[in-house]
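Student:
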Amino acid sequence: MEEIVKIDSIAQYNTMRGLTTKHPLVAVIDLSKALPMPARSFNFGLYAVGLKELNYGHLRYGRSHYDYQEGSLIFVAPGQVIGVQPGFEIFAPKGWVLLFHPDLINGTPLGKHIHDYSFFSYDVNEALHVSDKEKSIVIDCFSKIEHELDQNLDKHSKRLIASNIELLLNYCIRFYDRQFITRDNANKGILERFEHLLKDYFSSDKPQNEGLPSVAYCAEALHLSPNYFGDLVKKETGRSAQEYIQSKVIDLAKERVFDMNKSVSEIAYELGFKYPQHFTRLFKQKTGVTPNDYRMMN
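Under the UniProt record's numbering, the first residue of the sequence shown is numbered 1, with each subsequent residue one higher.
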């Protein structure tokens, strides 16, 4: 089994890349001045935002392989595994990497909502592809952080560095929103497949055997990470993926309650509910009446 190397500190990462450590908790790296990454797998204990300006080699992200394209950003959160696939020509690419330890943002506004940046949990093939103008903004943010690292550390350093990282991540939210829009046709194709997936699921015996379809199940079936899938559905429909699934369940339930040969409990079990009272509660929440009342009203 391949050994996975744990990277727990900025100093450890800098040593591997042949770089000097300016700050123990954060680094901005010009990749053209760094040693190539070894062809190994690494479990990061750090946050990382990487911008590549040249197409070079293949990265392996978890179990997936990704051809890291020109002008793309990837985001790595602590605990994720990433590495360089062996057998490809290695050379010094152009680009930048921002690395920061979770301790850097503890006690800052960024630390309180870092988990709101869902793109840290996207699969690598759902990377952010930036335009030249967007790339300039990203590099400018990197430069501001690097400038602060070149100053003498004082009581303002942590707040200023964290604020600039937050600014970068907020720009990335905007850029991802743009990417969702520019990939509108592809997104609509995913929604159509989502619809077919739910239709096929409820036409089978899966609800009785496996319960209600989860967001994670649907995302995996569509070959997307749960966070990217959830964000895409929200952007396209205005509803969360969970709300979308629940809406489909209620649409089916409205049809099935008219089958007078079945009790509400039987319908609940057919739809994948473990407990009929959970079905009744959701139905009333979405329609304003219980399944029995809806049956009587119609």
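Just so you know, even glycine gets a beta-carbon here, dropped at the ideal spot from N, CA and C. Note that this is a predicted model, so its numbers are computed, not measured.
Starting from Ala-241, trace the alpha helix (DSSP H) both ways and give me its first and last residue.
Tutor: Where Ala-241 is concerned, the enclosing alpha helix (DSSP H) stretches over 241–256.
Student: Determine the direct distance from the alpha carbon of Glu-166 to that of Asn-14, and round the result to whole angstroms.
Tutor: 23 Å
Student: Taking C-beta to C-beta, are Cys-218 and Tyr-171 nearer than 8 Å?
Tutor: no
Student: Going by the CB atoms, is the gap between Val-26 and Phe-100 shorter than 8 Å?
Tutor: yes
Student: What does the alpha-carbon distance come out to for the pair Arg-17 and Asp-116?
Tutor: 30 Å
Student: Hey, how far is the Cα of Val-288 from the Cα of Ala-253?
Tutor: One point to set straight first is that residue 288 is Gly, not Val, in the sequence displayed. So the two alpha carbons sit approximately 14 Å from each other.
Student: Could you have a look at residue 301 and say whether DSSP puts it in helix, strand or coil?
Tutor: Given a span of 1 to 298 for the chain in the structure shown, any question on residue 301 remains unanswerable.
Student: Taking C-alpha atoms, which residue in Leu-46, Ile-145 and Gly-211 lies nearest to Ser-9?
Tutor: Leu-46
Student: Could you pull out every residue in the same chain whose Cβ sits closer than 8 Å to the Cβ of Lys-188, ignoring the five residues on either side in sequence?
Tutor: Glu-236
Student: How long is the line joining the alpha carbons of Ile-145 and Asp-103, rounded to whole angstroms?
Tutor: 17 Å
Student: Pick from Thr-108, Lys-262 and Lys-199: whose alpha carbon is nearest that of Asn-164?
Tutor: Thr-108
Student: Whose C-alpha, out of Asp-205, Lys-206 and Ala-241, is nearest the C-alpha of Leu-222?
Tutor: Ala-241
Student: Who are the Cβ neighbours of Ser-203 in its own chain at under 8 Å, not counting the five residues just before and after it?
Tutor: Counting only Cβ-Cβ distances below 8 Å, and skipping sequence neighbours, we find nothing.
Student: List the endpoints of the continuous alpha helix (DSSP H) containing Leu-212.
Tutor: That residue, Leu-212, is in no alpha helix (DSSP H); it is neither H nor E in DSSP.
Student: Drop a sphere of 10 angstroms on the beta-carbon of Glu-3, count the other beta-carbons inside from all chains shown, and report buried for 16 or more, exposed for fewer.
Tutor: exposed
Student: Mind the definition here: the region 27–43 touches the region 117–136 only if three or more C-beta pairs lie below 8 Å; say whether that holds.
Tutor: By the criterion of at least three beta-carbon pairs nearer than 8 Å, the region 27–43 is not in contact with the region 117–136.
Student: Assuming Leu-31 contacts Gly-95 under a Cβ cut-off of 8 Å, what Cβ separation, rounded to an integer in Å, is found between them?
Tutor: At roughly 5 Å, the Cβ-Cβ gap stays under 8 Å, so Leu-31 and Gly-95 are in contact.
Student: DSSP three-state call for Tyr-201: helix, strand or coil?
Tutor: helix
Student: Taking the CB atoms as reference points, tell me whether Leu-149 and Lys-33 lie closer together than 8 Å.
Tutor: no
Student: For Leu-99, write down the residues that DSSP places opposite it in a beta bridge.
Tutor: Ala-27 and Ala-48
Student: On the CB-based measure, 16 or more other CB atoms within 10 Å of its CB, does Gln-285 come out buried or exposed?
Tutor: exposed
Student: Please classify Val-233: does DSSP put it in a helix, a strand, or coil?
Tutor: If DSSP states are grouped into helix, strand and coil, Val-233 belongs with the helices.
Student: Out of Val-138, Arg-174, Ser-214 and Gly-111, which has the shortest C-alpha to C-alpha gap to Phe-273?
Tutor: Ser-214
Student: Cβ atoms of Val-138 and Leu-110: under 8 Å apart, would you say?
Tutor: no
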